[in-house]
Structures are given as C-alpha cells and as structure tokens.
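S.K.:
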Amino acid sequence: MTTGGTPQELAAARQTPTPRTPTVLPTSAPPSDYRLAVPDGWERILLDPARWPRRIDAVVAAGFRGVDDKPHLRHAMAEELKDRAAAAHANGGVEMYLSLAKVAGVPLPAGLVVTVVAPEPGGGPLPELEQIGVARGAEGADVRMVDLPAGPALRHRYRETPRENDPTGNKLPVTHLDFEIAIPNSPLHLLLSFSTSMEPLADVLVELFDTIATTLQWMA
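Here the sequence shown stands for residues 19 to 238, numbered as in this note's numbering.
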C-alpha cells in the first residue's frame with residue numbers, strides 16, 4: 019500500500035489488501051507473533067528503551083530532510099516522540115509506526131501504536147470485548163464490534179484536542195481509531211491505536227486505518 023500523491027491516490031490506498039490464507043493455530047496454543055502490513059512511508063519504531071532514542075532521531079531527521087531552518091521544531095518533535103514511546107512502553111506498547119508520507123508535498127501526519135493489554139496483577143481476567151463496548155457505548159462513545167480476518171475486534175473512534183503547549187505546534191484536533199482484539203488462546207488483548215492530526219483528511223485516513231487493521235495476522 020502507498021500513501022504518496024494526490025488525495026485521490028491516497029483514497030486508492032484504502033483498497034482491500036490481497037487476501038491471505040489465514041494461519042491455522044493449534045487449538046490450545048497462543049500465537050508466537052503477529053504480522054501487520056503498513057503503507058510505504060510508515061517507519062517502524064521498536065519500543066525497546068535501548069533502541070528507540072536513536073531510531074526516533076533518525077526517523078525525525080528523515081522527516082525534516084531539506085528543512086534546515088527549524089531545528090527547534092525538529093528537536094521538540096523528537097523529544098515528544100521519545101516521551102510517547104516511554105509512555106507507550108510503560109503501558110505495554112511493543113512497537114509504534116510514524117508516517118513520513120506526503121500528499122502533494124505536504125506531510126501526512128499519522129501513526130500507530132501496538133500494545134499488548136494484560137490483566138492487572140492479582141486481578142481477574144480482562145473484560146470481554148462486547149462488555150467493554152457496551153460500557154463505552156453507554157457513555158456516548160463511537161464504538162462497535164467488527165469482524166477482522168484475525169478475529170472479532172472492538173472498534174473505537176474518537177477525537178482529542180491538543181494541549182496548548184503541544185511541543186509539535188499542532189493546533190488541530192487529533193482523530194484516533196482503536197482496534198482491540200483478543201489474542202487467541204491467551205488472557206491478553208492486542209490494541210492497535212491509530213491517530214492523525216490531518217483534520218481535513220481524517221475520514222479518508224480512518225478508512226486507511228480500517229484497511230491496515232484487516233492485514234493483522236497471527237503467526238503460529
């Protein structure tokens with residue numbers, strides 16, 4: 019999949035990926051890993067404290083290539099991403115992706131954090147996805163169950179207003195799209211958390227996020 023070019027080309031990237039043969043897992047064994055396809059121009063950052071600082075510096079440098087007059091913004095973005103990486107890691111995050119794609123020369127800000135959700139130590143099992151959805155729906159949230167090739171998932175779309183002192187300088191609302199799915203034969207859930215601050219293209223990007231979620235596969 020690609021995201022470069024015009025908005026029409028971006029919309030074309032939403033097409034359903036080539037069907038893949040589902041992985042057949044042993045009935046009693048959890049998957050050993052997962053696979054996820056992302057568009058060209060999305061950079062992966064493994065949430066390993068020993069590795070993410072240099073990786074984030076490299077990704078931000080690539081994003082600012084050819085822009086030499088904004089070192090303060092470059093530094094602020096790198097520090098913000100490192101803070102996000104640390105927070106995601108503390109919350110069970112295992113990897114994050116940052117879009118460096120452009121539309122007509124304009125950066126297309128979007129990202130994804132993948133998190134393993136575990137029960138609280140000493141607590142009971144995680145609530146069923148349907149229960150989580152009912153509770154959030156009762157609060158007025160935009161939630162629904164969807165069928166992904168990897169299994170039933172809870173889809174949750176919402177918006178957040180950036181902080182006044184956002185170090186990246188963003189003033190636009192941030193659109194989020196989360197997919198939470200139970201890991202087979204396991205007490206854990208996998209959470210795909212997409213986001214974008216490109217408000218004019220939020221609906222188009224949400225459809226792209228939906229497409230990326232359909233590529234999730236469990237590995238035996």
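Glycine residues also receive a C-beta, built at the ideal position from the N, C-alpha and C atoms.
Based on Cα-Cα distance, which residue from 109, 113, 62 and 123 lies nearest to residue 137?
M.R.: It is 109.
S.K.: I'd like the list of long-range same chain contacts for residue 135, defined as Cβ closer than 8 Å, with 5 residues on each side in sequence excluded.
M.R.: Closer than 8 Å at the Cβ level, and outside the excluded window around residue 135, lie 110, 144, 198, 206, 207, 208 and 209.
S.K.: Considering only residues of the region 203 to 233, which uninterrupted alpha helix (DSSP H) runs meet the minimum length of 4 residues and lie entirely inside it, listed in chain order?
M.R.: DSSP runs (the alpha helix (DSSP H)) wholly in the region 203 to 233: 220 to 231.
S.K.: Compute every distance between the C-beta of residue 67 and the non-hydrogen atoms of the ligand GDP, then say whether any falls below 6 Å.
M.R.: For the structure depicted, the ligand GDP is absent and the ligand set is empty, with no information on it obtainable.
S.K.: Measuring alpha carbon to alpha carbon, tell me which residue in 132, 158, 163 and 159 is nearest residue 147.
M.R.: Considering only alpha carbons, the answer is 163.
S.K.: Per DSSP, what kind of secondary structure is residue 122 in: helix, strand or coil?
M.R.: Here residue 122 sits in coil by DSSP.
S.K.: Give me the Cβ distance between residue 114 and residue 106, rounded to the nearest whole Å; I'm assuming they're in contact under 8 Å.
M.R.: Confirmed, about 6 Å.
S.K.: Quick check: the Cα distance between residue 120 and residue 47, rounded to an integer number of angstroms?
M.R.: The straight-line gap from Cα to Cα measures roughly 41 Å.
S.K.: Nearest by alpha-carbon distance to residue 190: which of 219, 237 and 169 is it?
M.R.: Residue 190 has its Cα closest to that of 219, out of 219, 237 and 169.
S.K.: According to DSSP, residue 198 sits in a beta bridge with which residue or residues?
M.R.: DSSP lists 172 and 209 as partners of residue 198.
S.K.: Quick one, are the C-beta atoms of residue 216 and residue 49 less than 7 Å apart?
M.R.: Contact: no.
S.K.: Taking all protein chains shown into account, decide if residue 204 is buried (16 or more other Cβ within 10 angstroms of its Cβ) or exposed.
M.R.: Its Cβ having fewer than 16 others within 10 Å, residue 204 is exposed.
S.K.: Would residue 97 pass as a contact of residue 77 if the rule is Cβ separation under 7 Å?
M.R.: No; because the gap between Cβ atoms is not below 7 Å, this pair is not in contact.
S.K.: Going by the beta-carbon positions, is the gap between residue 241 and residue 193 smaller than 7 Å?
M.R.: One cannot answer for residue 241 here, as it falls past the ends of the chain, which runs 19 to 238.
S.K.: Residue 91 lies in the alpha helix (DSSP H); which residues open and close that run?
M.R.: Note, residue 91: alpha helix (DSSP H), 89 to 108.
S.K.: Considering only residues of the same chain and omitting the five flanking positions on each side of residue 161, which have a CB-CB separation below 6 Å?
M.R.: The residues are 151, 154, 155 and 174.
S.K.: Along the beta strand (DSSP E) that carries residue 81, what are the first and last residues, could you check?
M.R.: Looking at the DSSP string, residue 81 is not in any beta strand (DSSP E); the run it does join, the alpha helix (DSSP H), is 70 to 81.
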